[in-house]
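Have a look at the structure below before the remarks.
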Amino acid sequence: MNVPPAQPPVNPLPPVVLLLFAAIALPEVVFLLGTQGVVGGPDAVGWRLTAIETYGFSGDLFDWMRANGRWIPEHLMRFVTYAFVHGTFTSTIFAAVLMLALGKLVGEAMGQVAVLVLFLGGSVFGAFVYALLLDDPTWLVGGFPAVYGLIGGYSFLMWQRLAETGEQQLKAFSLIAVLLGIQLIFGVFFGPSTLWVADLAGFAFGFVASVLLVPGGLARVLHHMRRD
19 MNVPPAQPPV NPLPPVVLLL FAAIALPEVV FLLGTQGVVG GPDAVGWRLT
69 AIETYGFSGD LFDWMRANGR WIPEHLMRFV TYAFVHGTFT STIFAAVLML
119 ALGKLVGEAM GQVAVLVLFL GGSVFGAFVY ALLLDDPTWL VGGFPAVYGL
169 IGGYSFLMWQ RLAETGEQQL KAFSLIAVLL GIQLIFGVFF GPSTLWVADL
219 AGFAFGFVAS VLLVPGGLAR VLHHMRRD
C-alpha cells in the first residue's frame, strides 16, 4: 500500500521571502551581539549608528546629487540598503513579521519575482518620493516602505477578488488604513513623523505595479473601469 507523503502543517515560505527575512534579521542579530559585548569589543556599541550613516537613505544627499548632477553609486545604493537597517530592535521585529506574512501571501498568489519587485520597488519609490516631496534631514531607515509595497500587492489582490464577488472594494484597503491609523496614534504620543510619506509611496507603488505583475490584472482593471 502506497503511503502519501506527510504534508507540512503550514505551507513552506517561498525562498525569496526567507532570503529577505535573513537580510532584515541578520544585521539586527549583529547589532544585538555587539551591544551585549559578544562580538566587536567596545566599538560594537556604535555599529547601528554607523550602519545607518553608511546604508541609510538621506534626503539631503539626494538633493545634493540632484543639484550637482552627480549620481554616486555608493549613495544610490541607499535607495535599497536602508530597508535592511533599522533604528530599533522593535521596528526590526515588526518589519520582519509583516514581510514574512505578506511575502508568503503575495508569493503564493503572484510568484517570487513579484515579491522581489514589490519589496525593492517599494523601497526605491518610497525613498524617492520622501526625498522629492520633503525637506527633512531625518534619516530614512527600515523596511516599512518596502513592506508597504507588499501591502500594495496584497491590497490589489483583495481589490480584484472583491470586484469578482461583487463586494465593496474599499474593504481591500482596510489593512493600509489600520496601519496608517496606528502610525497616527504613535505620532500623537511620540511626536509627529514624516516617514509615513515613504510608507504610503511604497504602498502606491505596490498597488500600481501589481496591475502589471498579476496575469490579466490590467485587463481586469480596464474592464471594471468601463463597467463603472
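Counting from 1, position 133 in the sequence shown corresponds to residue 151 in our numbering; the numbering is continuous, with no gaps. Beta carbons are placed, not taken as given, at the ideal position from N, Cα and C, and that holds for glycine.
Which residue wins for smallest C-alpha separation from L138, given the options T108, V57, F162, I200? F162
When you compare each of E92, Y172, Q187 to E126 by their alpha carbons, which one comes out closest? Y172
Closest residue to L44 among R66, A149, D78 (Cα-Cα distance): R66
To test your reading of the DSSP string, which unbroken beta strand (DSSP E) runs of 3 or more residues are found completely within the stretch 126-193? none
So is I42 buried or exposed if we call it buried at 16+ other beta carbons inside 10 Å? buried
Determine the burial state of Q178: buried for a count of at least 16 other Cβ atoms within 10 Å of its Cβ, exposed for fewer. buried
Take T72 as the anchor and find which of A101, Q54, N86 has the nearest alpha-carbon. A101
Length of the line joining the Cα atoms of A69 and L218: 25 Å
Comparing alpha-carbon positions, which option in V133, L180, Q187, F112 lies nearest E46? F112
Within a Cβ cutoff of 7 Å, which residues of the same chain sit near G49, ignoring the five residues on either side of it in sequence? The sequence given here places Phe at residue 49; Gly does not occur at that position. Excluding residues within five positions, the ones whose Cβ falls inside 7 Å are W65, R66.
Where G224 falls, given that 16 or more other Cβ within 10 Å makes a residue buried: buried
So, is W214 buried or exposed, given that buried needs 16 or more other C-beta atoms within 10 angstroms? buried
Could you please give the first and the last residue of the uninterrupted alpha helix (DSSP H) stretch that includes P30? Neither: P30 is in no alpha helix (DSSP H) and is coded neither H nor E.
Can you pull the DSSP bridge partners for F75? L158
What is the rounded straight-line gap between the Cα of G87 and the Cα of G199? 38 Å
Using a 10 Å radius around the Cβ and a threshold of 16 neighbouring Cβ atoms, would you call G170 buried or exposed? buried
Leaving out five residues on either side along the sequence, give the residues of the same chain with a beta carbon under 6 Å from the beta carbon of G221. Going by the sequence as given, residue 221 is Phe instead of Gly. So the list reads Y166, I169, G170, I194, once near-sequence residues are dropped.
Close-in-space but distant-in-sequence residues of the same chain around L151 (CB under 8 Å, 5 per side omitted): V215
For R88, the first and last residue of its enclosing alpha helix (DSSP H): Looking at the DSSP string, R88 is not in any alpha helix (DSSP H), and its letter there is neither H nor E.
By a C-beta neighbour count over all protein chains shown, 10 Å radius and 16 as the cutoff for buried, is W89 buried or exposed? exposed
Of the listed residues T108, G74, T110, T106, nearest to H93 (C-alpha basis): G74
With a cut-off of 8 Å on the beta carbons, I'd call A227 and V135 a contact; round off their distance for me. 6 Å
Pick from R96, A40, T106: whose alpha carbon is nearest that of T53? T106
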